[in-house]
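Its first residue numbered 604, the sequence shown is counted upward by one per residue in the working numbering.
By construction, the Cβ of each residue, glycine as well, lies at the ideal position given by its N, Cα and C atoms.
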Amino acid sequence: MKCRQCEETIAGTGCTRNGVCGKTAAVAEAQDRLIQSLIILSKGTVDGKVGPEAIEDIDSRAVDGLFMTLSNTNFDLEAIENAFKANKKFIGDLGLECGLCAASPEEIGIDSYDKNADLRSLKELLLAGIKGMAAYYHHAKVLGYTDPEVPAFIRKALASLRADLTADALVALNMECGSVGVKCLALLDKANTETYGTPSPCTVNTGVGKNPGILITGHDLKDLKMLLEQTQGTGVDVYTHGEMLPANAYPELRKYPNLRGNYGGAWYKQKTEFASFNGPILATTNCVLIPPEEYKGRLFTTGVAGVPGVRHIDADADGNKDFSELIEMAKKCSPPQEIDNVNLTVGFGHAAVLGLADKIIDAVKAGAIKRFVVMAGCDGREKPRSYYTDFAQSLPKDTVILTAGCAKYRYNKLDLGDIGGIPRVIDAGQCNDCYSLVVIAQALAKAFGTDVNGLPLSFNISWYEQKACLVLLALLSLGVKDIMLGPRLPVFLTPRITKVLVDTFGIKANGEVAGDMQILHIQ
Ligand code: SF4
Ligand code: SF3
604 MKCRQCEETI AGTGCTRNGV CGKTAAVAEA QDRLIQSLII LSKGTVDGKV
654 GPEAIEDIDS RAVDGLFMTL SNTNFDLEAI ENAFKANKKF IGDLGLECGL
704 CAASPEEIGI DSYDKNADLR SLKELLLAGI KGMAAYYHHA KVLGYTDPEV
754 PAFIRKALAS LRADLTADAL VALNMECGSV GVKCLALLDK ANTETYGTPS
804 PCTVNTGVGK NPGILITGHD LKDLKMLLEQ TQGTGVDVYT HGEMLPANAY
854 PELRKYPNLR GNYGGAWYKQ KTEFASFNGP ILATTNCVLI PPEEYKGRLF
904 TTGVAGVPGV RHIDADADGN KDFSELIEMA KKCSPPQEID NVNLTVGFGH
954 AAVLGLADKI IDAVKAGAIK RFVVMAGCDG REKPRSYYTD FAQSLPKDTV
1004 ILTAGCAKYR YNKLDLGDIG GIPRVIDAGQ CNDCYSLVVI AQALAKAFGT
1054 DVNGLPLSFN ISWYEQKACL VLLALLSLGV KDIMLGPRLP VFLTPRITKV
1104 LVDTFGIKAN GEVAGDMQIL HIQ
């Protein structure tokens, strides 16, 4: 096994036995085989060996298959092997050459993508980018929103992983990944807002009620909607966790009286927070952790998520899911045990923030707001990530944090106050809602007659998994410069490729809070 796709990977080398995340060597190898099967199918389309009638099928296999291999999404060997076997059969049906079953782990692993370490590094960045793209496209697609350009790029990128390409060609493909990524993020934004209404600012309580509850985590809003429908009038409340928190801001989700609020924090706290929740938990996507026995029997997965020995709720042919098993279980469970009781402010998507644009522009002109700092991205379990709490706390009172993704849990309970009614933490939503931050930045740039790099705006982004890589490529494709990235740079970037990113885009790794404030021009 060799996996180095996430921030937590064993430094320098990557995970070579059991992953830090708990992924076994067998699961890692099955994921490698699954990706190789997607490469063969994609290459078949690029080489013209596959007719247009098979494209839709290949695209849905690629989107779901890539998403399954994203960090902390699916640890279920059987589910991954089944996806591979189905692809293998399809490869045979299409008359393409396979040979994957006989291939050794080294022949299908990440090191097999290219003999040249720098070219391989660029291919790994591209693979991370399309994993993120596949995840976001999957969410748009389940809501009926598609754009053929996105799966077409995924096919092209998959095929390129096994092609002899120059560094320039691979850099160009990564930039294209970013620009198609922007379109994919815009598509998901449209899908979410047209389906569930435009998010609007509201407070979400983190306390608990007296009813038993079901906790829902991950990113899939459609699963939440179905769960809210089915729990209506049953006496069971629904609580969001992790990346599901922003769902509370959508009118079509917020309208359900039994959407009680948010319970707990970011994904890595699952082991204590799922234990004290007492009721069933539904994991819709990443990040899901391999559960201890304490709550394993109360954990359910759905969609692309999977954990061995944990009940999986499948959709029927129409995409509907039956959550009655969770609801019946919840009725027999005690109400959740309270962790804290605060009110979080959410719902500052681009529409809400641009509604405040005049107020924000006036505050900047009057000097009440001196700087905006984008602190979006992922949270993680490593101790040094307390850096982000320290950073947020150390920011001068005339700075405003723009956030999206689970990174916010490092500071969203701090009560950093407001500037003339504008909250100092503007929370746009899930990691995909970084798109909102881009729209906001572009609108501010226009208002001030400059570009995004000319604004009093700094980026201090934290990453963990591959969706953050797509967001990073999206920002780079838009010409955003001088992004600070942490807690450390991806280990799949070789020194030479890192230098390219530093020289071309001004990317830098974070360090100490005080020094970083200076580097980011925060006075
Ligand atoms: Fe290691 Fe991350 Fe891969 Fe898990 S996903 S095996 S922690 S690199
Ligand atoms: Fe978090 Fe997994 Fe990335 Fe959607 S839930 S941001 S880490």
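Assigned secondary structure, residue i (DSSP; H/G/I helix, E/B strand, else coil)
i, result
"ALA920", "coil"
"ALA604", "Residue identity check: residue 604 is Met in the sequence provided, not Ala. In this structure, MET604 counts as coil in the three-state DSSP scheme."
"ALA1134", "A query on residue 1134 cannot be resolved here, the shown segment of the chain reaching from 604 to 1126 and no further."
"LEU856", "helix"
"PRO655", "helix"
"VAL839", "coil"
"GLY864", "strand"
"ASN690", "helix"
"CYS618", "strand"
"ASP1030", "strand"
"CYS1072", "helix"
"PHE877", "helix"
"VAL807", "strand"
"THR796", "helix"
"GLY668", "helix"
"ASN677", "strand"
"THR820", "strand"
"ASP650", "coil"
"HIS844", "coil"
"PRO802", "coil"
"VAL783", "helix"
"LEU827", "helix"
"CYS1037", "helix"
"LYS626", "coil"
"PRO849", "helix"
"ALA869", "coil"
Within 9 Å, strictly: CB atoms of residue i and residue j
i, j, result
"CYS890", "CYS1037", "no"
"ASP717", "ALA686", "no"
"GLU855", "GLY868", "no"
"VAL1003", "ASN1015", "no"
"ALA762", "VAL649", "yes"
"GLY732", "CYS805", "no"
"VAL977", "ASN1063", "yes"
"VAL652", "LEU703", "A quick correction: the sequence has Lys, not Val, at residue 652. Result no, Cβ atoms of LYS652 and LEU703 do not sit closer than 9 Å."
"PRO802", "GLY983", "no"
"GLY816", "PRO939", "yes"
"THR905", "ASP919", "no"
"GLY922", "PHE678", "no"
"GLY647", "ILE638", "no"
"PHE1150", "ALA760", "The first residue shown for the chain is 604 and the last is 1126, placing residue 1150 beyond what the model contains."
"PHE975", "LEU947", "no"
"VAL945", "THR769", "no"
"THR888", "HIS844", "no"
"ILE964", "ALA1050", "yes"
"ALA852", "GLY952", "yes"
"GLY839", "ASN865", "A small fix is needed here, since residue 839 is Val in this sequence, not Gly. Taking 9 Å as the Cβ cut-off, VAL839 and ASN865 do not qualify as a contacting pair."
"SER1039", "ALA1077", "no"
"GLN1069", "LYS734", "yes"
"CYS1034", "ALA979", "yes"
"LEU641", "ASN690", "yes"
"TYR740", "ILE713", "no"
"LEU725", "VAL783", "no"
"GLU727", "ARG607", "yes"
"LEU1088", "SER1065", "yes"
"ALA1071", "ARG1091", "no"
"MET1120", "PHE926", "no"
"ILE683", "THR672", "yes"
is_contact[residue i, chain C] using C-beta, thresh 9 Å
i, result
"LYS934", "Within the model displayed, chain C is absent; a lone protein chain is all it includes."
Residue i: CB within 8 Å of a non-hydrogen atom of the ligand COA
i, result
"CYS618", "The ligand COA is not part of this structure, which contains only the ligand SF4 and the ligand SF3."
Which ranges would you report for the beta strand (DSSP E) in the segment 971-1025 if only whole runs of at least 3 residues count? 974-977, 1002-1006
Spell out a yes or no on whether the segment 824-836 and the segment 848-867 are touching, meaning 3 or more CB-CB pairs, one atom from each, closer than 8 Å. yes
Counting pairs of Cβ atoms below 8 Å between the segment 956-976 and the segment 1031-1047, do you hit three or more? yes
Is there contact between the segment 925-943 and the segment 784-796, where contact requires at least three CB pairs shorter than 8 Å? no
Sequence ranges, alpha helix (DSSP H) only - wholly within the segment 882-959, length at least 4: 896-899, 927-934, 953-958
Ignoring anything shorter than 4 residues, give me the alpha helix (DSSP H) runs that lie fully in the segment 1049-1122, in order along the chain. 1069-1080, 1098-1108, 1116-1122
So does the segment 626-641 actually touch the segment 1088-1097, counting three or more Cβ pairs closer than 8 Å? no
Counting only runs that start and end within the segment 690-765, where is the alpha helix (DSSP H) found for 4 or more residues in a row? 708-711, 720-745, 752-763
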